[in-house]
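Sequence order for the protein chains is A and Z.
FYI, this note's numbering numbers position 126 of the first sequence as 212, with every residue one higher than the one before it.
FYI, this note's numbering numbers position 255 of the second sequence as 279, with every residue one higher than the one before it.
Everything below concerns the one structure shown next.
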Amino acid sequence: MPAIHRIGLVSVGLTLGLGISAVSADVVAVVSSKSPITTLSKNQVMDIFLGKRTSFPDGSPAVPIDQTEGSTVRDEFYNRTAGMSPAQVKAFWSKIIFTGRGQPPRTAATSLEAKKLLVANPNAISYIDQSLVDSSVRVVLAP
Amino acid sequence: MALMALPSCAASAETADPGSGTQMFSLSGFGTLGVVHSSEDFADFTSSVFKPSGAGYGGSWSTVVDSLIGAQLTANITPKLSAVVQVIAEQNYDNTYTPHVEWANVKYLFTPDFSVRIGRIVLPTFFVSDSRDVGYSNPWVRPPPEVYQLLPISNSDGVDISYRLHIGSLTDTLQGNYGQNNAALPRGSAEGKHLWGFSNTAEYGPFTAHLAYQELHLTIASFDPLFNAFRLFGPQGIAIADEYDLDNKPLVTEALGASYDPGHYFVMGEWARANAHSIFAVGTAWYVSGGYRLGKFTPYLTYAEVKSNRNSDPGLTVAGLPPNLAGFAAGLNASLNAILETNPDQNTISVGSRWDFMRNVDLKLQVDHSREGPGSSGELTNLQPGFRPGGEDNLFTATLDFVF
């Protein structure tokens, strides 16, 4: 009988584990495959998305493309790359906007639109779910 | 209002550049609905010297201390040229709520890291002084007044230059400003000329360090009758008048701050010193604050302190004066000391929590316990007969902050 209980616990654990990995997307930062950028650190990516830097480390201009507020991929991206909750990201941009220091990045409505914008502009950088990576984009950070 | 008509054109005015996609106009806003309870009955707690009344004598519960609403219109004219207007409605010096222009300026980017602004510009004296009105962007219900009221003005009419440097992973922003600030006060008006300063902000991952210097020449004519009376008493009276009169006196503010915010918690502190070379005296202030993020809740704890440069003066020597003049001199001395008493000297322990209970809205609750220094009324104003300086008071504040 005790052994049966343990089997039950193991299967519950597996189910929970799968459930968690399905909810939390594996988000990756991507650029166009035509971009010369191959890899970036978490700090380098965050500096671009938080408007602290307007160029890549090689000096070429960087154009960040966000995903819509409230999307899982966006929340996961800021959480994994900067440890910021959606409210923290909003509070950060409130400070920047209302002190006249800048505007948040342009927003793509979906990951597909983000990929289209990357293909159209080799200077652009965005983030998508890893499952959507194809030959049109290059992963520069898997946070 | 013309501002209200603009959101409809915001969506239609997108540029053709597929990369930047910046909109020609963007309208955004922020606000705070706040209620404050004070345990003090004979004086008011206000969030700024520009407010005529607050919580305490003016009502044990007050909604005027922190409540405000602001709107900002940004026009991106070209990728290098932009203009911005921010309008705020809050309790004004004359107890009206007429919106005022907090800032309005034109910004030109020579490079993405080098810009100049001309117009009414925000002053970056303290860590969050440029965003102190945006409750949603701050961890507390309001920045610690001990530090932030050392230099209560928040903008300058003039020019501002900003240069951003990148040294490895470090981002360093150097800023300089020159201009003037004229402000209406509940009693009288303040004229600030030759307002200049600089600041430096260094950011390295979760670390931020800030230092600033601001100087202006301040004139408040409403003190003239008092000091003209002092001048009638010969060399001693003239010396007192010259020392305290607010006639083109330099007000110098120096500030240092640092914060560490890795995401799930934050610690920050600021130290500042101001010298008004006048009856406003001012002094040295500092605070430390820390908070821990537990899901949607961010409880925090703050300790703040301000030491006044001066809270009293012996004034004119009354002994030896003819009786009729002695009474007049004693009256002048009492007036001088009544003003010096209001120079803040206090410490405060604050406990509170932010609750991000829905998107773009937070609710904060905060309790402050303040102890005033001997002979000082602390950060309180509107002192009434029966008020005793050097006491203690408690504040309870609830704010709902939002951005849109």
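No residue lacks a Cβ here, since even glycine has one placed at the ideal position from N, Cα and C.
Does the beta carbon of residue i sit closer than 7 angstroms to a beta carbon anywhere in chain A?
i, result
"Ala40 (chain Z)", "Note on Ala40 (chain Z): pLDDT 33, under 50, position unreliable in the model; no value is reported."
"Phe420 (chain Z)", "no"
"Thr195 (chain Z)", "yes"
"Tyr172 (chain Z)", "no"
"Pro136 (chain Z)", "yes"
"Ser178 (chain Z)", "no"
"Gly192 (chain Z)", "no"
What's the C-alpha gap between residue i and residue j?
i, j, result
"Asp380 (chain Z)", "Pro163 (chain Z)", "11 angstroms"
"Leu271 (chain Z)", "Leu240 (chain Z)", "The amino acid at residue 271 (chain Z) is misidentified as Leu; the sequence shows Asp. Using only the alpha carbons, I get a separation of about 12 angstroms."
"Pro409 (chain Z)", "Ala362 (chain Z)", "12 angstroms"
"Lys320 (chain Z)", "Asp161 (chain A)", "14 angstroms"
"Thr195 (chain Z)", "Gly258 (chain Z)", "57 angstroms"
"Asn252 (chain Z)", "Ala265 (chain Z)", "7 angstroms"
"Ser146 (chain A)", "Phe135 (chain A)", "15 angstroms"
"Trp127 (chain Z)", "Val108 (chain Z)", "8 angstroms"
"Ile214 (chain A)", "Asp220 (chain A)", "11 angstroms"
"Glu416 (chain Z)", "Thr372 (chain Z)", "10 angstroms"
"Thr120 (chain Z)", "Ser139 (chain Z)", "36 angstroms"
"Gly45 (chain Z)", "Tyr164 (chain A)", "At Gly45 (chain Z) the pLDDT is 49, less than 50, meaning the model places this residue with poor confidence; the figure from the coordinates comes in the next sentence. Between Gly45 (chain Z) and Tyr164 (chain A), the C-alpha separation is close to 22 angstroms."
"Gly200 (chain Z)", "Thr140 (chain A)", "22 angstroms"
"Asp90 (chain Z)", "Tyr289 (chain Z)", "25 angstroms"
"Asn348 (chain Z)", "Thr277 (chain Z)", "42 angstroms"
"Leu356 (chain Z)", "Ser153 (chain Z)", "36 angstroms"
"Asp133 (chain A)", "Thr225 (chain Z)", "15 angstroms"
"Arg166 (chain A)", "Ala207 (chain Z)", "46 angstroms"
"Val226 (chain A)", "Phe142 (chain A)", "12 angstroms"
"Leu57 (chain Z)", "Phe254 (chain Z)", "45 angstroms"
"His234 (chain Z)", "Ser222 (chain A)", "42 angstroms"
Report the residue from the options whose alpha carbon sits nearest the alpha carbon of residue i.
i, options, result
"Thr341 (chain Z)", "Z:Phe222, Z:Val140, Z:Phe352", "Z:Phe352"
"Asp65 (chain Z)", "Z:Ala79, Z:Gln115, Z:Tyr121", "Z:Ala79"
"Ile185 (chain Z)", "Z:Leu147, Z:Ser155, Z:Ala214", "Z:Leu147"
"Ser246 (chain Z)", "Z:Tyr237, Z:Gly229, Z:Ser213", "Z:Ser213"
"Lys104 (chain Z)", "Z:Thr122, Z:Asn129, Z:Thr135", "Z:Thr135"
"Pro123 (chain Z)", "Z:Glu114, Z:Asn129, Z:Lys131", "Z:Glu114"
"His301 (chain Z)", "Z:Ala309, Z:Leu256, Z:Glu267", "Z:Glu267"
"Leu198 (chain Z)", "Z:Arg395, Z:Tyr172, Z:Asp181, Z:Glu227", "Z:Glu227"
"Asp392 (chain Z)", "Z:Asn116, Z:Pro168, Z:Pro286, Z:Asn335", "Z:Pro168"
"Ser16 (chain Z)", "A:Val114, A:Ser118, A:Val117, A:Gln130", "There is simply no residue 16 (chain Z) to check, as chain Z begins at 25 and stops at 428 in what is shown."
"Ser157 (chain A)", "A:Pro150, A:Ser171, A:Ser119, A:Asn207", "A:Ser171"
"Gly287 (chain Z)", "Z:Ala309, Z:Phe426, Z:Thr322", "Z:Thr322"
"Gly159 (chain Z)", "A:Val149, A:Ser121, A:Lys176", "A:Lys176"
"Lys201 (chain A)", "A:Ala173, A:Gln153, A:Asp144", "A:Gln153"
Can the beta-carbon of residue i be found less than 7 angstroms from the beta-carbon of residue j?
i, j, result
"Glu170 (chain Z)", "Ala305 (chain Z)", "no"
"Ala99 (chain Z)", "Val111 (chain Z)", "no"
"Pro190 (chain A)", "Lys128 (chain A)", "no"
"Leu419 (chain Z)", "Val375 (chain Z)", "no"
"Phe69 (chain Z)", "Leu404 (chain Z)", "yes"
"Lys331 (chain Z)", "Gly293 (chain Z)", "no"
"Ala279 (chain Z)", "Phe150 (chain Z)", "yes"
"Arg378 (chain Z)", "Asp369 (chain Z)", "no"
"Gln238 (chain Z)", "Gly221 (chain Z)", "yes"
"Ala422 (chain Z)", "Val59 (chain Z)", "yes"
"Leu204 (chain A)", "Ser212 (chain A)", "yes"
"Asn406 (chain Z)", "Tyr187 (chain Z)", "no"
"Tyr117 (chain Z)", "Pro210 (chain Z)", "yes"
Starting from residue i, follow the beta strand (DSSP E) in both directions and report where the run begins and ends.
i, result
"Lys201 (chain Z)", "The amino acid at residue 201 (chain Z) is misidentified as Lys; the sequence shows Asn. First-last of the beta strand (DSSP E) with Asn201 (chain Z): 194 to 208."
"Gln370 (chain Z)", "370 to 382"
"Asp417 (chain Z)", "416 to 427"
"Val108 (chain Z)", "105 to 114"
"Ile191 (chain Z)", "179 to 191"
"Tyr324 (chain Z)", "321 to 332"
"Asp392 (chain Z)", "385 to 396"
At what residues does the alpha helix (DSSP H) containing residue i begin and finish?
i, result
"Lys181 (chain A)", "172 to 183"
"Val232 (chain A)", "Nothing about residue 232 (chain A) can be reported from this structure: the residues present for chain A run from 87 to 229 only."
"Glu227 (chain Z)", "Premise fails: Glu227 (chain Z) lies in the beta strand (DSSP E), 213 to 228, not in any alpha helix (DSSP H)."
Step through the CB atoms of chain Z and report whether any lies within less than 7 angstroms of the CB of residue i.
i, result
"Gly188 (chain A)", "no"
"Ile134 (chain A)", "no"
"Ser196 (chain A)", "Reading the sequence as shown, one finds Thr at residue 196 (chain A) and not Ser. No, its Cβ sits nowhere closer than 7 angstroms to a Cβ of chain Z."
"Ser146 (chain A)", "no"
"Ala177 (chain A)", "yes"
"Lys120 (chain A)", "no"
"Phe163 (chain A)", "no"
"Thr167 (chain A)", "no"
"Lys138 (chain A)", "yes"
"Thr185 (chain A)", "yes"
"Ala115 (chain A)", "no"
Going by the C-beta, is residue i closer than 6 angstroms to any heavy atom of the ligand COA?
i, result
"Leu424 (chain Z)", "With respect to the ligand COA, the structure offers nothing, as it holds no ligand at all."
Strictly below 7 angstroms CB to CB, what residues from chain D border residue i?
i, result
"Thr56 (chain Z)", "The displayed structure is made up of protein chains A and Z, and chain D is not among them."
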